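Encoded as structure tokens, the structure appears first; notes follow it.
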Amino acid sequence: MKLKYLEYFLSVAELGNITHAAQQLYLSQPNLTVAMKRLEEELGVTLLERHNKSVTLTDDGQFLYDKLRPLLTNLHSALDAVKERGHNKGGILKIGIPPMIGSFMIKPLLSHFSSAHPNWELNIVEDGSIGLQNKLVNGDLDLAIIIADTLPKGLNAKPIMNVEYKACVPTTHPLIEKDSISFTELESESLIMMQLDSFHRQYISKQLELHHITPRIAMSSNHVNRNLDMTVQTNSISFLLTPSPIKRNDIKLISMNPPILATVAVVYANKAEQNKTIQALIEYVCNI
């Protein structure tokens, strides 16, 4: 019997819905349905009563849930305790940071970490906020420093700082003399954006939509400097998360009116609270 089938069963039992459990587990609904059928076949009992849009536990299913939940909790605690013994001797800590946030967070983070934990290696994983959330859920990261808008179940967040997305305006652009830019002034502007799967792109697009602006996107990429280069070369508008150490003489950063604000947070899985090294790093990040 596969341990993961038992973990899948707990998720289905707690959510009462195959679709929602599949989304939380990052599985397809058919694959999760097959896993539950195989578990029932191996045990020789029916665990779930299937309804139109939900599932409930049978008597056998409730019996298994009641016995299984504390066992798996103890198992994960034991595994985490063993990992913690290894962590005290050193290891690799994996931290996810999107490129824009990394531009002003990686340097102080690395300086502190190498001094406070000399036996550890800090592995920086660069990706967008959405991709890093998925990696946290799947256990591929120890923590991430991202824009925390909405989070999947099982992740915790502690706010670090408030940030602002500012418009990047080339010095040759007609809007360069503005102290702030209204959303209506972007109506006919060509925009350089991050790619569709990035939180940056989705967040900016949401703000434009709220102000009834249909963006004219000329190009998209997840390379910040390339986007800034193309902003200048095509006399377009792009957006940059501030504070940022990027200094250019050919671009001026101008606030939108109203400003586009967000919160950067350190995000981690519940079990990360049991790791002293991760706890210490979370505390440091929150006080930068």
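In this note's numbering, the protein residues as written are 21 to 308.
For each residue, glycine too, the CB sits at the ideal point set by N, CA and C.
Just so you know, these numbers come straight off a predicted model, no measurement behind them.
Asked, Found
"Take every Cβ of the stretch 267-287, pair it with every Cβ of the stretch 195-209, and state whether three or more of those distances are shorter than 8 Å.", "yes"
"Would DSSP call residue 237 helix, strand or coil?", "strand"
"Roughly how far, in whole angstroms, is the beta-carbon of residue 147 from the beta-carbon of residue 116, given that I think they are within contact range, below 8 Å?", "6 Å"
"Sort out for me which residues DSSP pairs residue 257 with in a bridge.", "211"
"How many Å lie between residue 16 and residue 280 at the Cα?", "With the chain covering 21 to 308 only, the question about residue 16 has no answer from this structure."
"For residue 113, which residues from the same chain have a beta carbon less than 6 Å from its beta carbon, with the 5 sequence-adjacent residues on both sides left out?", "140, 142, 162"
"What is the residue span of the beta strand (DSSP E) that residue 283 lies within?", "280-289"
"What residues are listed by DSSP as bridge partners for residue 185?", "261, 280"
"Out of curiosity, what's the CA-to-CA distance linking residue 203 and residue 231?", "7 Å"
"Can you name the residues that DSSP bridges to residue 75?", "70"
"For residue 152, which residues of its own chain have a beta-carbon under 6 Å away from its beta-carbon, when the five flanking residues on both sides are left out?", "116, 164, 166"
"Sorted by chain position, which residues of the same chain lie with C-beta nearer than 7 Å to residue 89's C-beta, five sequence neighbours on each side aside?", "30"
"Look up residue 146 in the DSSP assignment and give the residues it is bridged to.", "117"
"I need the DSSP call for residue 177, collapsed to helix, strand or coil.", "strand"
"When the Cα atoms are used, what is the spatial distance from residue 62 to residue 133?", "48 Å"
"The beta strand (DSSP E) that contains residue 195, what's its start and end?", "Residue 195 -> no beta strand (DSSP E), and no H or E assigned at all."
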